[in-house]
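All remarks here apply to the structure that follows.
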Amino acid sequence: MAIPDRQATTLALAHALSAAERGLAVIPLSRTKLPALRSPHRDEPEPAGPPCHGACGRFGHGVYDASADPGHVRALFAAAPWATGYGIACGLPPYHLIGVDLDTKSGTDSSAALRELALRHLFTVPETVVVLTPSGGHHLWLTGPPDTVVPNSAGRLAPGIDIRGAGGYLVGPGSRTDHGVYTTAPGTARLPPAPCPPALLRLLVPPPRPRRPAPTAPGDDGHGDDGHGLVHFVLGAHEGRRNTRLFWAACRAYENGIGPALADALTEAARTTGLSEREARATIASAARVTGHRAP
84 MAIPDRQATT LALAHALSAA ERGLAVIPLS RTKLPALRSP HRDEPEPAGP
134 PCHGACGRFG HGVYDASADP GHVRALFAAA PWATGYGIAC GLPPYHLIGV
184 DLDTKSGTDS SAALRELALR HLFTVPETVV VLTPSGGHHL WLTGPPDTVV
234 PNSAGRLAPG IDIRGAGGYL VGPGSRTDHG VYTTAPGTAR LPPAPCPPAL
284 LRLLVPPPRP RRPAPTAPGD DGHGDDGHGL VHFVLGAHEG RRNTRLFWAA
334 CRAYENGIGP ALADALTEAA RTTGLSEREA RATIASAARV TGHRAP
């Protein structure tokens, strides 16, 4: 266990509480930028059912511990006196935060790549919160619609551009890591996160596959025309991939004309993996919208 740096922990807690006052859900981070609290289940056998996301009542579930409640935040930091930073959970209300991480480690000009994407897809990068990283990169904070699930990705938009979405987190300004301190760019500290431009949002959401004819017999396409394979695909999702798998399966269902009929079964499958019914319904509604349908 790391030796506590009490001054760094005190500062990190102060910054985390300030973020919580703005409605941002936070967790303590170590100097490595990883969650400071280890899983309480690390020495237990692999669970037969869905993984625990905090239902056990103990800390150590990563981003699922995140909270904007000051008392909860203080308790998290009290359990992690070696924490020197904090993470801000993405995808949660009220902001449904999306982080655009413009990295420099790949040797590419990620800022130029984002400008090129903006020109090509006709959107303007809005004025918003910008956090400067110790490596010379920066994070843009954007907000998304509550019914759209943005997955995490690395380099999918362009080399050096990573996206932090549902199930991910951003290192908060004021955090101290092995490589330095994260700071807010001058003039952006008190800006509200700006809405993600619709054209950029379309790039962040996985595109639907081309519509295919419905199979003539169950099992022809590996899914079956009753959607059994799609439900099984969602049931096989692991932590960090549940929303992405559900979104993909729902897109395929709507493309094959069985979306409304399969929505309840997909929702139940997603609940089995640990998603709430509200999260599952929102993801399915997002899939219906991007495929040009209306969710039931």
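Convert by adding 83 to the 1-based position in the sequence shown; the result is the number in the numbering used here.
Backbone N, C-alpha and C fix where the C-beta goes; we use that ideal spot for every residue, glycine too.
Just measuring C-alpha positions, the residue of Arg325, Lys188, Gly248 and Ala163 sitting nearest Pro176 is Gly248.
Of the candidates Arg141, Gly137, Ser236 and Val146, Ser236 places its Cα closest to the Cα of Leu185. Exclusion of the five residues before and after Arg157 leaves Leu96 and Leu100 as the residues of its chain whose Cβ lies within less than 8 angstroms of its Cβ. A Cβ-Cβ separation of about 5 angstroms places Thr271 in contact with Val212 under the 8 angstroms criterion. Note: Tyr169 is bridge-paired with Pro111 in the DSSP secondary-structure output.
The three-state secondary structure of Ser369, taken from DSSP, is helix.
Shown here, Ala138 sits in coil according to DSSP, grouped into three states, outside any helix or strand.
By the C-beta criterion, the region 144-164 is judged not to be in contact with the region 190-202, since fewer than 3 inter-stretch pairs fall below 8 angstroms. Taking the Cα of Ala268 as reference, the smallest distance to any Cα among Glu210, Leu202, His315 and Val314 is reached at Glu210. Proximity to Arg328 across Pro234, Leu112, Trp165 and Gly168 peaks at Pro234, based on C-alpha coordinates.
The criterion of a C-beta distance shorter than 9 angstroms is not satisfied by Gly357 and Gly251.
The C-beta distance from Arg114 to Thr167 rounds to 5 angstroms, short enough to meet the 8 angstroms contact threshold.
Excluding the 5 residues flanking it on each side, Leu286 has same chain C-beta neighbours closer than 8 angstroms at Leu200, His204 and Leu240, in chain order. When the beta-carbon positions are compared, Ile246 and Ala172 stay at least 9 angstroms from each other.
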